Amino acid sequence: LDNGMMISYRKMIKVGDLKITPAVAVSEFTRKENPQKKTTDGRKKHQQIMGGLQLDYDAMSLAITAGKLAIERDDKPDNDYFSFDSVASYQFKHIKILGGYSFLDEDGKDVYEKEGWRAEAQLTVAKNAYLSLTYDRVLANNNLKINDDAVILGLRYDF
Numbered sequence: 001l002d003n004g005m006m007i008s009y010r011k012m013i014k015v016g017d018l019k020i021t022p023a024v025a026v027s028e029f030t031r032k033e034n035p036q037k038k039t040t041d042g043r044k045k046h047q048q049i050m051g052g053l054q055l056d057y058d059a060m061s062l063a064i065t066a067g068k069l070a071i072e073r074d075d076k077p078d079n080d081y082f083s084f085d086s087v088a089s090y091q092f093k094h095i096k097i098l099g100g101y102s103f104l105d106e107d108g109k110d111v112y113e114k115e116g117w118r119a120e121a122q123l124t125v126a127k128n129a130y131l132s133l134t135y136d137r138v139l140a141n142n143n144l145k146i147n148d149d150a151v152i153l154g155l156r157y158d159f
């Protein structure tokens, strides 16, 4: 039987009208040695730590997250990554505008594993339901520089 664990903590602190929410999360997964079990990527251990900070003031929000990830593999080289993600938003009455930038930096590589930015508009159509229009720009994928973009229209429901 494989085993894994994850713990996380976040706490909102209010200073006047400013809400400050720091968060931290740690996870680990270890695969039990089993010759009959075939895995797709040979991953035998995965360790990750992430930290983030969200600032909210009136209708504005800014969130930043960074993390370290280490992957041990069977017959392939191990991978170490540093991740960064950011998003800023402004909430109008029924419309929210968001923008963000993120990257996943693999140790020893000259080009990011993944890098991109996005802009999104969300229209509230019902409680916890949103129609969203997103422009997604990918600048790097699989440690190769690329220029790929997409426009995505979707309906989202938050449970």
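Just so you know, this note's numbering puts the end of the sequence shown at 159, numbered straight through with nothing missing. Heads up, the beta-carbon is just placed ideally off N, CA and C, and yes, glycines get one too. Remember, predicted model here, so these are calculated numbers, not experimental data.
The beta strand (DSSP E) that contains residue i, what's its start and end?
i	result
valine 15	13-15
valine 151	144-157
proline 22	18-30
asparagine 3	3-10
tyrosine 112	Run containing tyrosine 112: none; DSSP gives neither H nor E here.
aspartate 107	Neither: aspartate 107 is in no beta strand (DSSP E) and is coded neither H nor E.
Find the nearest neighbour of residue i within the set the options, judged by alpha-carbon distance.
i	options	result
leucine 104	Glu113, Met6, His46	Glu113
isoleucine 160	Phe82, Ser132, Glu72, Thr65	This structure cannot settle anything about residue 160, because the visible part of the chain is limited to 1 through 159.
isoleucine 97	Met60, Trp117, Ala129	Met60
glycine 42	Phe29, Lys14, Asp75	Asp75
serine 86	Ile64, Phe92, Leu123	Ile64
leucine 53	Ala88, Gln122, Gly108, Met5	Ala88
methionine 12	Leu55, Lys32, Gln91	Leu55
glutamate 28	Thr124, Gly100, Arg10, Gln48	Gln48
aspartate 148	Asn142, Val138, Leu155, Tyr157	Val138
Taking the Cβ atom as the reference point for each residue, do residue i and residue j lie within a distance shorter than 8 Å?
i	j	result
aspartate 110	aspartate 58	no
tyrosine 130	alanine 119	no
alanine 140	glutamate 106	no
alanine 66	phenylalanine 92	no
List the DSSP bridge partners of residue i.
i	result
leucine 139	Answer is none; leucine 139 lacks a bridge partner.
aspartate 96	Before going further, note that residue 96 is lysine rather than aspartate in the sequence given. DSSP, once it has assigned bridges, lists Gln91, Gln122 as partnering lysine 96.
Query raised in the report: Counting only runs that start and end within the stretch 34-93, where is the beta strand (DSSP E) found for 3 or more residues in a row?
Result: You should have 43-57, 60-73, 79-91.
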